[in-house]
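Here the working numbering = 1-based position in the sequence shown + 639. For glycine and all other residues, C-beta sits at the position ideal for the given N, C-alpha and C. Bear in mind the structure is a predicted one, so any value in this text is a computation, not a measurement. Worksheet: the structure to be examined is printed underneath.
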Amino acid sequence: MINLENKRIVVGITGGIAAYKTIELIRLLRKANAQVRVVLTPAAAEFVTPLTLQAISGNAVAQSLLDPQAELAMGHIELAKWADVVLIAPASADVIARLTVGMANDLLSTICLATSAPIFLAPAMNQQMYRQAITQQNLTALLSRGIQLIGPNSGEQACGDVGAGRMSEPSEIFTALCHHFTVQQDLLGIHVAITAGPTREAIDPVRYISNHSSGKMGFAIAEAFAKRGATVTLIAGPVNLTASPNIHRIDVTSAQEMWQTALESAVKNHIFIGCAAVADYRIADIADQKIKKSAEEMTLKLVKNPDIIADVAHLTEKRPFTIGFAAETQNVADYAKDKLTRKNLDMICANDVSGGQVFGQDHNALHLFWKNGEKALPQADKNTLAEALVSEIMARYRQ
Ligand code: PMT
640 MINLENKRIV VGITGGIAAY KTIELIRLLR KANAQVRVVL TPAAAEFVTP
690 LTLQAISGNA VAQSLLDPQA ELAMGHIELA KWADVVLIAP ASADVIARLT
740 VGMANDLLST ICLATSAPIF LAPAMNQQMY RQAITQQNLT ALLSRGIQLI
790 GPNSGEQACG DVGAGRMSEP SEIFTALCHH FTVQQDLLGI HVAITAGPTR
840 EAIDPVRYIS NHSSGKMGFA IAEAFAKRGA TVTLIAGPVN LTASPNIHRI
890 DVTSAQEMWQ TALESAVKNH IFIGCAAVAD YRIADIADQK IKKSAEEMTL
940 KLVKNPDIIA DVAHLTEKRP FTIGFAAETQ NVADYAKDKL TRKNLDMICA
990 NDVSGGQVFG QDHNALHLFW KNGEKALPQA DKNTLAEALV SEIMARYRQ
């Protein structure tokens, strides 16, 4: 069992049905010896009572910015200074919007503005509210300021809807906080965007063309960066993998969707890594209805997709440090070096994918090339390899 002795955590609770789960989270934190002070918004107090939270946390619950008693003892500035971490769980769409614009008109938002401690949000809201462009923009803005997200999860919601927006489970939030306190956090403040997995190019409503990428390599890189405290955005094609709750995951399907999301993300990140196996071509005219079997032969007309990594690497403003991959079955080094130059990359990671040895597998080996150097990273499981790769990327980036 992890020991969080001497760790001081302000737990902010905003109005949402998931507030009942926060009671279990506080119990887990207390069991790990963390000190917890709860800040309850008026809306949250409709869902969970101060009395319960006081009993579970072992401390008086703070509810008001202008409470003379509270200001005498542990006022908002003291609470902001006391915290090693501020966690808001559940974080409603409302508090996310208010933190984005820097409001300080209640106790919780004031603490967030006044603290220098890392802030974690565990969003929880209706799936439509979560998907709204304005909510996504707010979350991206908060991420770019170093605020870290835990979740949300997808699934059935209290309102009956199904989709992304469920608060992460207390055990997942607990794990993310433990992770924060235990792992070397030397990449705090570094923002990284990574593409992973395949893309799918629709032929008709039921068929598509794609490739064998599982996403394992890209997800391993995302985890390795997050483990060292970087703020990670993972742009994932259709894969069967889960990412840690503190990774901001954006799911896409086609190359064009990935291109749009990647270009939006690239300018907000210090480092961009293109590990996805992006389809080079898409169907020229996607059929509206399922294509019926008739002739003995059939021809599909393909048109070229945008080259995501090349477009990122050719940005003239806010260009991130850009790293591509080269998946080759022959002349690996030559083709990789050609892509390094042609796509204007800062580094390329070449892998020999002949004989089905990398796509979908758990192991890989990489040969890294940059303008004036190269380095081979020997065969290893993709997680170990990703950790070595992150160290190499950071060495080049810092140069
Ligand atoms: O997902 P796994 O099963 O773990 O497998 C890992 C992997 C083999 C997919 C990965 O290690 C890898 O090599 N990814 C890049 C695959 C690829 O598409 O390589 P490429 O040589 O065709 O493309 C070169 C670079 O251009 C890549 O960074 C690619 O992301 C990028 N690209 C390609 C086409 C396109 N339209 N846009 C791009 O950005």
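| task | Quick one: using the 10 Å Cβ neighbour count with 16 as the cut-off for buried, is D985 buried or exposed? | result | Here residue 985 is taken as the residue at index 346 of the sequence shown, counted from 1. By the neighbour-count rule (16 or more Cβ atoms within 10 Å), D985 is buried.
| said: Starting from D977, trace the alpha helix (DSSP H) in both directions and tell me its first and last residue. | reply: Along the sequence shown, read from residue 1 onward, the residue named residue 977 stands at position 338. Per DSSP, D977 belongs to the alpha helix (DSSP H) from 971–981.
| said: ligand 1 and G836: does the residue's C-beta get closer than 7 Å to at least one heavy atom of that ligand? | reply: Reading the sequence shown from its first residue, position 197 is the one you call residue 836. Yes, since a heavy atom of ligand 1 falls inside the 7 Å radius drawn around the Cβ of G836.
| said: Short of 7 Å in beta carbon distance, which residues of its chain neighbour T779, apart from the five on each side in sequence? Order them along the chain. | reply: As a working note, residue 779 is residue 140 in the sequence shown. Result list for T779: K907, in chain order.
| query | Under 8 Å, do I1105 and E808 count as touching if we go by C-beta distance? | reply | Only positions 640 to 1038 of the chain appear in this structure, which leaves residue 1105 out of reach.
| Mind checking whether the beta-carbon of D1020 lies closer than 7 Å to any heavy atom of ligand 1? | Numbered from its first residue, the sequence shown carries residue 1020 at position 381. Not under cutoff, so the answer is no.
| query | Near V822, which residues of its chain fall below 8 Å by C-beta distance, leaving aside the five closest residues on each side in sequence? | reply | Mapped onto the sequence shown, residue 822 falls at position 183. So the qualifying residues of the chain are K866, R867, G868.
| Do you know how far the Cα of V878 is from the Cα of F864? | Sequence index remark: in the sequence shown, residue 864 carries index 225 (1-based). Sequence index remark: in the sequence shown, residue 878 carries index 239 (1-based). If I take the Cα positions, the gap works out to 20 Å.
| said: On the criterion of 16 or more Cβ atoms from any shown chain inside 10 Å, does V845 qualify as buried, or is it exposed? | reply: By one-based count along the sequence shown, residue 845 stands at place 206. With fewer than 16 Cβ atoms within 10 Å of its Cβ, V845 is classed as exposed.
| query | Beta-carbon separation of A859 and A1025 under 8 Å? | reply | Against the sequence shown, residue 859 aligns to sequence position 220. Against the sequence shown, residue 1025 aligns to sequence position 386. Yes.
| query | Is it right to say R737 is buried, meaning 16 or more other beta carbons lie within 10 angstroms of its own, or is it exposed? | reply | In the sequence shown, residue 737 corresponds to position 98, counting from 1. Buried is the call here.
| Do P729 and A657 have their C-beta atoms closer together than 8 Å? | Here residue 729 refers to the residue found at position 90 of the sequence shown. Here residue 657 refers to the residue found at position 18 of the sequence shown. It is a contact, given that the beta carbons lie within the stated cut-off.
| Which runs of the alpha helix (DSSP H) spanning at least 4 residues fall entirely within the region 792–861, listed in chain order? | 809–821
| task | Return yes when the Cβ of L746 is within less than 8 Å of the Cβ of S703, no when it is not. | result | Counted from its first residue, the sequence shown places residue 703 at position 64. Counted from its first residue, the sequence shown places residue 746 at position 107. It is a contact, given that the beta carbons lie within the stated cut-off.
| request: Could you round the C-beta distance between L939 and I842 to whole angstroms and report it? I think they count as a contact, below 8 Å. | output: Locating residue 939 in the sequence shown gives position 300, counting from the first residue. Locating residue 842 in the sequence shown gives position 203, counting from the first residue. So it is a contact: roughly 7 Å between Cβ atoms.
| task | Might you give, ordered along the chain, the residues of its own chain that have their beta carbon closer than 8 Å to the beta carbon of T749, omitting 5 neighbours on each side? | result | Here residue 749 refers to the residue found at position 110 when the sequence shown is read from its first residue. Answer for T749: L704, H715, A719, A743, listed in chain order.
| task | Please name the residue in E956, K943, Q928, P837 whose C-alpha comes closest to that of S893. | result | Against the sequence shown, residue 893 aligns to sequence position 254. Nearest C-alpha to S893: P837.
| request: Give me whichever residues DSSP pairs with H887 in a beta bridge. | output: Numbered from its first residue, the sequence shown carries residue 887 at position 248. DSSP, once it has assigned bridges, lists T872 as partnering H887.
| said: When you measure from the CB of G999 to every non-hydrogen atom of ligand 1, does any distance come out below 7 Å? | reply: The residue you call residue 999 lines up with position 360 of the sequence shown. It does: the Cβ of G999 is within 7 Å (strictly closer) of some heavy atom of ligand 1.
| query | Per DSSP, L902 forms a beta bridge with which residues? | reply | On the sequence shown, residue 902 is found 263 positions in, with the first residue counted as 1. In DSSP, L902 forms no bridge with anything.
| Does the Cβ of P959 lie closer than 7 Å to at least one heavy atom of ligand 1? | Residue 959 sits at position 320 when you count from the first residue of the sequence shown. Not under cutoff, so the answer is no.
| field | Distance, A1004 Cα to A965 Cα | value | Sequence index remark: in the sequence shown, residue 965 carries index 326 (1-based). Sequence index remark: in the sequence shown, residue 1004 carries index 365 (1-based). Taking the straight line from one Cα to the other gives about 12 Å.
| query | Using a Cβ-Cβ cut-off of 7 Å (strictly less than) and excluding sequence neighbours within five positions of T739, which residues of its own chain qualify? | reply | Numbered from its first residue, the sequence shown carries residue 739 at position 100. For T739, where only same-chain residues beyond five positions count, the Cβ hits under 7 Å are N777, A780, L781.
| said: Which of the three DSSP states is assigned to I948 in this structure? | reply: Within the sequence shown, numbered from 1, the residue matching residue 948 stands at position 309. Correct three-state label for I948: helix.
| said: Is it buried or exposed, S609, if we count other Cβ atoms within 10 angstroms and call 16 or more buried? | reply: Because the chain in this structure spans residues 640 to 1038, residue 609 falls outside the shown range and cannot be described.
| query | Within 7 Å: the Cβ of M856 and any heavy atom of ligand 1? | reply | Within the sequence shown, the letter at position 217 stands for residue 856. M856: yes, Cβ under 7 Å from ligand 1.
| Considering only the beta carbon of each residue, do G799 and M764 sit closer than 8 Å? | Taking the first residue of the sequence shown as 1, we reach residue 799 at position 160. Taking the first residue of the sequence shown as 1, we reach residue 764 at position 125. Not a contact, by the Cβ cut-off of 8 Å.
| said: I need the straight-line Cα distance from S783 to A905, nearest angstrom please. | reply: Here the question's residue 783 lines up with position 144 in the sequence shown. Here the question's residue 905 lines up with position 266 in the sequence shown. About 11 Å.
| query | For V678, does the three-state DSSP call read helix, strand or coil? | reply | Walking along the sequence shown from the start, residue 678 turns up at place 39. Three-state result, V678: strand.
| message | Classify R981: buried if its beta carbon has 16 or more other beta carbons within 10 angstroms, exposed otherwise. | response | Counted from its first residue, the sequence shown places residue 981 at position 342. Result: exposed.
| request: With hydrogens ignored, establish whether the beta-carbon of D985 is closer than 7 Å to any heavy atom of ligand 1. | output: Taking the first residue of the sequence shown as position 1, residue 985 is located at position 346. Outside the cutoff, so no.
| query | Which term fits K1021, buried or exposed, when burial requires 16 or more other beta carbons within 10 angstroms of its beta carbon? | reply | Here residue 1021 corresponds to residue number 382 of the sequence shown, with the count starting at 1. Classification of K1021: buried, given that the 10 Å Cβ count is 16 or more.
| request: Return the chain-ordered list of same chain residues with a C-beta closer than 7 Å to the C-beta of A756, the five sequence neighbours on each side being excluded. | output: Translated into positions along the sequence shown, residue 756 becomes position 117. Closer than 7 Å at Cβ, skipping near neighbours: A722, D723, V724, V725.
| request: Count the other C-beta atoms from every protein chain shown that fall within 10 angstroms of the C-beta of A797, then say buried if there are 16 or more, exposed otherwise. | output: Position 158 of the sequence shown, counted from the first residue, corresponds to residue 797. It counts as exposed.
| task | Identify which residue in T814, R676, G999, A989 has its Cα closest to the Cα of A761. | result | To locate residue 761, count along the sequence shown from 1; it is residue 122. Answer by Cα proximity: T814.
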